[in-house]
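Just so you know, our numbering puts the end of the sequence shown at 562, numbered straight through with nothing missing.
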Amino acid sequence: MVIKVKKRPKWFYWPFTYEEYLEKQEPSNILNRIKIIIFLFSCLAFYLYSNDAESHVILAVIVGAILGILYALYYYNQAKSGKIIYED
475 MVIKVKKRPK
485 WFYWPFTYEE
495 YLEKQEPSNI
505 LNRIKIIIFL
515 FSCLAFYLYS
525 NDAESHVILA
535 VIVGAILGIL
545 YALYYYNQAK
555 SGKIIYED
């Protein structure tokens, strides 16, 4: 399966040019996104845990983090294998 991404209007990429935006979509940058997702969700889970939140709220945060990581890993594998094509 090939994911085709249409080129968006110039204002979408601001403050970058289209070429700079494509460089930011490389697999190494996607791994950085995964690290950010893990950090933010772990901070949120710790905050909720320290404030005696309901257990189902903490569980929902953890499940959300896992789903976000799985989505980012799928996107990473697609980018790494060259299955993401940017169209003009």
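Beta carbons: idealized from backbone N, C-alpha and C, even for Gly. Because the structure is a prediction, the values reported are computed rather than measured.
Member of the options whose CA lies at the smallest distance from the CA of residue i
i: residue 507; options: 546, 555, 551; result: 546
i: residue 534; options: 505, 518, 524, 544; result: 518
Rounded separation between residue i and residue j - CA only
i: residue 516; j: residue 536; result: 8 Å
i: residue 548; j: residue 554; result: 10 Å
i: residue 520; j: residue 552; result: 32 Å
i: residue 538; j: residue 514; result: 11 Å
Cβ distance (whole Å) where residue i is taken to contact residue j below 8 Å
i: residue 543; j: residue 512; result: 7 Å
i: residue 522; j: residue 532; result: 5 Å
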